[in-house]
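In the numbering used here, the protein residues as written are 16 to 154.
Don't be surprised by glycine CBs; every beta carbon is placed ideally from N, CA and C.
Given below as structure tokens:
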């Protein structure tokens, strides 16, 4: 279990670094100066809301369910695989939010339009750190 947590933390930190790089690439590449179509901005906003909803569904269906089993049986390989997969899918979806910002930037958006996507992906990825599953206390 400790090995899985440390490998997930390594993936998490690598993805956090990549989000910072997306912001730098978007700024340094100096995308075209054309104006962004407002319908594209609305499309990305709608997709972002959907992705955030999917993140919470994935966490509930994969991570939390596997955590209850891992709290009592930490060496269960099936639950550990589901738990790890849930975190990786969550991280990939958080990364997708930041990629929306980079794509928006290359389609003609400015930094102020792309920044919420970078920040949102970064914050979600940062706060969804892997934690040791613990048994719930019954009172």
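Can you look up residue i in the DSSP assignment and give me helix, strand or coil?
i: residue 51; result: coil
i: residue 147; result: coil
Going straight from the alpha carbon of residue i to that of residue j, what length do you get?
i: residue 127; j: residue 102; result: 29 Å
i: residue 106; j: residue 121; result: 23 Å
i: residue 95; j: residue 104; result: 14 Å
i: residue 39; j: residue 114; result: 12 Å
i: residue 54; j: residue 70; result: 24 Å
i: residue 76; j: residue 44; result: 39 Å
i: residue 29; j: residue 137; result: 11 Å
i: residue 93; j: residue 84; result: 10 Å
i: residue 27; j: residue 140; result: 7 Å
i: residue 19; j: residue 52; result: 43 Å
i: residue 145; j: residue 82; result: 11 Å
i: residue 32; j: residue 147; result: 23 Å
i: residue 25; j: residue 35; result: 16 Å
i: residue 116; j: residue 21; result: 28 Å
i: residue 60; j: residue 41; result: 18 Å
i: residue 62; j: residue 129; result: 14 Å
Smallest Cα separation from residue i: which of the options?
i: residue 80; options: 67, 63, 68, 99; result: 99
i: residue 108; options: 85, 74, 131; result: 74
i: residue 149; options: 22, 118, 87, 68; result: 87
i: residue 65; options: 118, 111, 91; result: 111
i: residue 16; options: 68, 67, 90; result: 90
Counting along the chain, where does the alpha helix (DSSP H) carrying residue i start and finish?
i: residue 42; result: 17-43
i: residue 131; result: 126-142
i: residue 83; result: 80-87
i: residue 120; result: 92-121
Assign residue i to buried or exposed, taking buried as 16 or more other Cβ atoms, counted over all protein chains shown, within 10 Å of its Cβ.
i: residue 142; result: exposed
i: residue 50; result: exposed
i: residue 132; result: buried
i: residue 72; result: exposed
i: residue 135; result: buried
i: residue 23; result: buried
i: residue 119; result: buried
May I ask you to check if the CB of residue i is nearer than 7 Å to at least one heavy atom of the ligand HEM?
i: residue 48; result: Ligands are entirely absent from the displayed structure, and the ligand HEM is therefore not among its contents.
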